[in-house]
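**Student:** Quick one: this structure, given as structure tokens, is what I'll be asking you about.
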Amino acid sequence: MKIADAVTELTRDFIAAGFPSARLDARILVGHVTGFEPSMLFARGDVAINDAQMESIRGLARRHLAHEPVSRILGEREFYSLAFKITADTLDPRPDTETLVDAVLALRPAFKAPRILDLGTGTGCIPLAILHAWPSATAVGVDISPGAVAVAAENARRLGLSARAQFHVGDWTKGLSGPFDIVVSNPPYVTEAEHAVLAPEVRLYDPEAALTAGDDGLDAYRALLGPAAALLAPGGRIFVEIGAGQAAAVTVLGAAAGLRILARHPDLGGIDRCLAFAV
Ligand SMILES: C[S@@+](CC[C@H](N)C(=O)[O-])C[C@H]1O[C@@H](n2cnc3c(N)ncnc32)[C@H](O)[C@@H]1O
Numbered sequence: 012m013k014i015a016d017a018v019t020e021l022t023r024d025f026i027a028a029g030f031p032s033a034r035l036d037a038r039i040l041v042g043h044v045t046g047f048e049p050s051m052l053f054a055r056g057d058v059a060i061n062d063a064q065m066e067s068i069r070g071l072a073r074r075h076l077a078h079e080p081v082s083r084i085l086g087e088r089e090f091y092s093l094a095f096k097i098t099a100d101t102l103d104p105r106p107d108t109e110t111l112v113d114a115v116l117a118l119r120p121a122f123k124a125p126r127i128l129d130l131g132t133g134t135g136c137i138p139l140a141i142l143h144a145w146p147s148a149t150a151v152g153v154d155i156s157p158g159a160v161a162v163a164a165e166n167a168r169r170l171g172l173s174a175r176a177q178f179h180v181g182d183w184t185k186g187l188s189g190p191f192d193i194v195v196s197n198p199p200y201v202t203e204a205e206h207a208v209l210a211p212e213v214r215l216y217d218p219e220a221a222l223t224a225g226d227d228g229l230d231a232y233r234a235l236l237g238p239a240a241a242l243l244a245p246g247g248r249i250f251v252e253i254g255a256g257q258a259a260a261v262t263v264l265g266a267a268a269g270l271r272i273l274a275r276h277p278d279l280g281g282i283d284r285c286l287a288f289a290v
């Protein structure tokens, strides 16, 4: 079989399954096995694929047809134009979370060498994207999942940022001493009821503990906003990602923790995605 035929076969199967990015997914998976950049496959359509390669391609296609996202199959996700390793222990970073990174990076003129704390770090995508763009910053990332912390540390090594990033296993701020200039968090914020009806790509493949936060989705904010405020340096800021429709409730929880709201940052879809607080 030739590369072009393999791409056609997978595209047909993915379209039949209703996948919106069927053609791109097919090219990425065929490119992954054959070693060609997906964008180069058109020019390589006549290259022959051996039986073992075609078996691998069909194996990956079967996983995708079972709703495993392409990023999980490849074990990698691009976030803020950087490549992050992902595993079953980590959330697959979302483009919406780049809103939080943008909001933090807008502070560059105001802080010289900020000490940053990321609560619930997962792959480490938030602090590592920030450190990559802000050479004088240092960061500590915490996660309750030892597997996630190992992935975050590996991502720091891969990106050449280990000297400025530390990752620890921990329960939010427990055992940490500040002060930190900037605290960031994309905590779990999905309700138990919402989780039950999430798309299989999310429900079956993202760790449930990375997504759900009690009956109303607000448990993590209740747990972390007060202790995070206590670790803040004078003039410091807290940035949290929120789910659609949670801005008012999280603003109230911030106020109860002694935090005043500074800004709401919308994502590219116009939904309030990140709240900025100060003491
Ligand atoms: C929504 S994910 C965010 C991951 C990553 N920051 C990102 O944006 O892709 C939430 C993270 O919080 C972690 N987490 C959940 N409960 C925690 C706790 N009590 N203490 C620390 N981390 C926790 C989860 O393991 C998960 O990695």
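Converting from the sequence shown to the numbering used here requires adding 11 to each position, the first position being numbered 1.
Ideal placement from N, C-alpha and C gives every residue a C-beta, glycine not left out.
Do residue 153 and ligand 1 come close, with the Cβ less than 7 Å from some heavy atom?
**Tutor:** yes
**Student:** Quick one: measure Cβ to Cβ for residue 150 and residue 175, integer angstroms, because I've assumed they're closer than 8 Å.
**Tutor:** 7 Å
**Student:** Tell me the residue span of the alpha helix (DSSP H) that contains residue 16.
**Tutor:** 14-27
**Student:** Please state the DSSP three-state secondary structure of residue 261.
**Tutor:** helix
**Student:** Let me know if residue 228 comes out buried or exposed under the rule of 16 or more other beta-carbons within 10 Å of its beta-carbon.
**Tutor:** buried
**Student:** Say the cut is 7 Å; is the CB of residue 130 nearer than that to a heavy atom of ligand 1?
**Tutor:** yes
**Student:** Whose CA, out of 171, 199 and 267, lies closest to the CA of residue 94?
**Tutor:** 171
**Student:** If I follow the unbroken beta strand (DSSP E) through residue 196, where does it start and stop?
**Tutor:** 191-196
**Student:** State yes or no: is the C-beta of residue 157 nearer than 7 Å to some heavy atom of ligand 1?
**Tutor:** For residue 157, the distance from the CB to the nearest heavy atom of ligand 1 is not below 7 Å.
**Student:** Just list the residues that DSSP pairs residue 286 with in beta bridges.
**Tutor:** 251 and 275
**Student:** Is residue 136 near ligand 1, with its Cβ less than 7 Å from a heavy atom?
**Tutor:** yes
**Student:** So residue 9 is in the beta strand (DSSP E); what residue range does that whole segment cover?
**Tutor:** Any answer about residue 9 is impossible in this case: the structure gives the chain only from 12 up to 290.
**Student:** Relative to ligand 1, is the shortest distance from any of its heavy atoms to the C-beta of residue 145 smaller than 7 Å?
**Tutor:** Checking every heavy atom of ligand 1 against the Cβ of residue 145, none is found closer than 7 Å.
**Student:** In the DSSP assignment, what residue or residues form a beta bridge with residue 223?
**Tutor:** 201
**Student:** What's the gap between the Cα of residue 145 and the Cα of residue 116?
**Tutor:** 8 Å
**Student:** Out of curiosity, what's the CA-to-CA distance linking residue 180 and residue 157?
**Tutor:** 6 Å
**Student:** On a Cα-Cα basis, can you pick out the residue from 167, 123 and 275 that is closest to residue 111?
**Tutor:** 275
**Student:** For residue 240 versus residue 270, is the C-beta spacing smaller than 8 Å?
**Tutor:** yes
**Student:** Quick one: give me the first and last residue of the alpha helix (DSSP H) that residue 268 is part of.
**Tutor:** Element bounds for residue 268: n/a, residue is neither H nor E.
**Student:** Figure out for me which residue from 246, 34 and 80 has the closest Cα to the Cα of residue 212.
**Tutor:** Among 246, 34 and 80, the Cα nearest to that of residue 212 is on 80.
**Student:** Any chance the CB of residue 61 is under 7 Å from a heavy atom of ligand 1?
**Tutor:** no
**Student:** Looking at the unbroken alpha helix (DSSP H) that takes in residue 78, where does it start and where does it end?
**Tutor:** It is not in any alpha helix (DSSP H) - residue 78 carries neither H nor E in the DSSP assignment.
**Student:** My guess is that residue 252 and residue 223 are in contact by the Cβ rule of under 8 Å, so how many angstroms apart are they, rounded?
**Tutor:** Rounded, the Cβ-Cβ distance is 15 Å, inconsistent with contact.
**Student:** Tell me the DSSP secondary structure of residue 130 in three-state form.
**Tutor:** DSSP places residue 130 in strand when its eight states are reduced to three.
**Student:** Could you check where the alpha helix (DSSP H) with residue 115 kicks off and where it finishes?
**Tutor:** 109-116
**Student:** Return yes when the C-beta of residue 167 is under 7 Å from any heavy atom of ligand 1, and no when it is not.
**Tutor:** no
**Student:** When DSSP builds the beta bridges, which residues end up paired with residue 88?
**Tutor:** 95
**Student:** State the CB to CB distance for the pair residue 184 and residue 242, rounded to an integer number of angstroms; the pair is presumed to be in contact (CB under 8 Å).
**Tutor:** 6 Å
**Student:** Roughly how far, in whole angstroms, is the beta-carbon of residue 133 from the beta-carbon of residue 255, given that I think they are within contact range, below 8 Å?
**Tutor:** Rounded to the nearest angstrom, the Cβ distance from residue 133 to residue 255 is 20 Å, too far for a contact under 8 Å.
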